[in-house]
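Enquirer: What follows is a single structure, and I will ask about it in a moment.
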Amino acid sequence: MGTPEFSVPALERLVFQKDFTVCLVVTQPDRPKGRGKNLMPSPVKKAASELGVEVFQPEKINTPGSANKLLSLEPDFFVVSAFGQILSQTILSIPKIYPINIHASLLPKYRGPSPIQAAILNMDDQTGITTMVMAKEMDKGDILLSKTTPILENDTAEDLHRKLGEIGADLIVDTLHAVLKKECYPIAQDHSKASYVKMLKKIDGKIDWTLSSRKIKAHINAMTPWPSAFSSLFDKPVKIFKTTAVEQPCPFDSGVIFLCDKAGIHVATGNGSIIIQEMMGASGKRLKAAEFLCGHPIVPPLKFDF
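When we follow my numbering, the leftmost residue of the sequence shown carries the number 725, and every step to the right adds one.
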């Protein structure tokens, strides 16, 4: 069970495992996308179709019809990865062995829907993947295995999604083998150490230029590619993607563009400055700073509205 690109590597890895048979892929229904609002399949549906695996797309998973469909397969495991619907206890009880979730954090840290962004936003030096036996309460299930990976200075949420998707694919194969060989047993989480993250909204991308340069860079990385970090210039929103944080003291007020050069657009922050290297204006096209300046002449000092 899965929907986004993050879940595709796990599906592909399991399909090509001789020891397992993927008998059904459950994913979200096709959704309208783009300016034309045409119905588009999820990345998982697209991958499953290419792999020749049957696809089931219930609008609601917790219905008698969905339960009967799943029961008829007599599955040993459910593998769930960013499916997008909460499973009822009735559905979770269907597998003979376990319903297993691939979660993109080192549980019990960052339970909830945005763990990758949270790890970057909080400037953690590492994150990881946890496989757990699913419980009715979100992300509170017993842990099976986990694996860590470092967070690099320039890692965006997009980068970590890709990295963790591959790690999750390897870990779920290891988990299934370990469970079957009785080399791995569920271990209860320490709920006293749990933290929770919310679903991101567009407004969460707004940049607070009074923060330090390192915190702003982390914020921009965490919001890339969605909802995208943004500020306002010439009374229009500007999305900001690639940056460099400079910790040397800066004499200008927070949010002031004080220099434009070959390195990029230099903006004062609460502590230091940020050099913007890639951004997007009203054209909707991601541009290098020099390209942006060709269509938006900036004469420093000029302040972002925030």
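Each residue gets a CB set at the ideal place from its N, CA and C atoms; glycine is no exception.
Small disclaimer: the values here were computed from a predicted structure and weren't measured.
1. Which of the three DSSP states is assigned to Arg755 in this structure?
2. In chain order, what residues of the same chain have a beta carbon less than 8 Å from the beta carbon of Lys986, not counting five sequence neighbours either side?
3. Closest to Glu877 by CA distance: which of Phe802, Asp863, Asp848 is it?
4. Would you mind reading off the limits of the beta strand (DSSP E) that contains Thr854?
5. Specify whether the region 937-949 and the region 838-852 touch according to this definition: at least 3 beta carbon pairs, one from each stretch, less than 8 Å apart.
6. Under 7 Å, do Glu1002 and Lys966 count as touching if we go by C-beta distance?
7. Quickly, what does DSSP pair Leu1026 with across the bridge? List them, please.
8. Kindly provide the ranges of any alpha helix (DSSP H) runs that are 4 or more residues long and lie completely inside the region 852-929, ordered along the chain.
9. Are Pro767 and Glu729 close, meaning C-beta to C-beta below 7 Å?
10. According to DSSP, simplified to helix, strand and coil, what is Glu783?
11. What's the call for Leu895, buried or exposed, on a 16-neighbour Cβ count within 10 Å?
12. Taking the runs of the beta strand (DSSP E) that are 3 residues or longer, which of them lie wholly in the region 934-1016?
13. Given Gly929, which residues of its chain have a CB within under 7 Å of its CB, disregarding the five upstream and five downstream residues?
Expert: On the basis of the data shown:
1. Along the sequence shown, read from residue 1 onward, the residue named residue 755 stands at position 31. DSSP places Arg755 in the strand class (E or B) of the three-state scheme.
2. The count along the sequence shown starts at 1 and reaches residue 986 at position 262. If we look at Lys986 and ignore the five residues flanking it on each side, its Cβ neighbours are Ala1014.
3. Translated into the one-based positions of the sequence shown, residue 877 becomes position 153. That would be Asp848, whose Cα lies nearest to the Cα of Glu877.
4. In the sequence shown, residue 854 corresponds to position 130, counting from 1. For Thr854, the enclosing beta strand (DSSP E) starts and ends at 850-857.
5. When Cβ pairs closer than 8 Å are counted between the two stretches, the region 937-949 is seen to touch the region 838-852, the count reaching three or more.
6. Counted from its first residue, the sequence shown places residue 1002 at position 278. Counted from its first residue, the sequence shown places residue 966 at position 242. Cβ distance < 7 Å, so Glu1002 and Lys966 count as in contact.
7. As a first step, residue 1026 is located in the sequence shown; it is residue number 302 there, counting from the start. Its beta-bridge partners are Ile981.
8. Correct list: 881-904.
9. Indexing the sequence shown from 1 puts residue 767 at position 43. Indexing the sequence shown from 1 puts residue 729 at position 5. A Cβ-Cβ contact shorter than 7 Å links Pro767 with Glu729.
10. Along the sequence shown, one-based indexing puts residue 783 at 59. Residue state, collapsed to three classes: coil.
11. Residue 895 sits at position 171 when you count from the first residue of the sequence shown. With a 10 Å radius around the Cβ and a threshold of 16 neighbouring Cβ atoms, Leu895 comes out buried.
12. Whole beta strand (DSSP E) segments, 3+ residues: 953-957, 960-964, 967-970, 980-985, 988-992, 997-1000, 1002-1004, 1010-1012.
13. Residue mapping note: residue 929 aligns to position 205 of the sequence shown, counting from 1. By the criterion of a C-beta distance shorter than 7 Å, Gly929 is surrounded in its chain by Met947, Pro951, Ser952, Ala953, Phe954, once the five residues flanking it on both sides are discounted.
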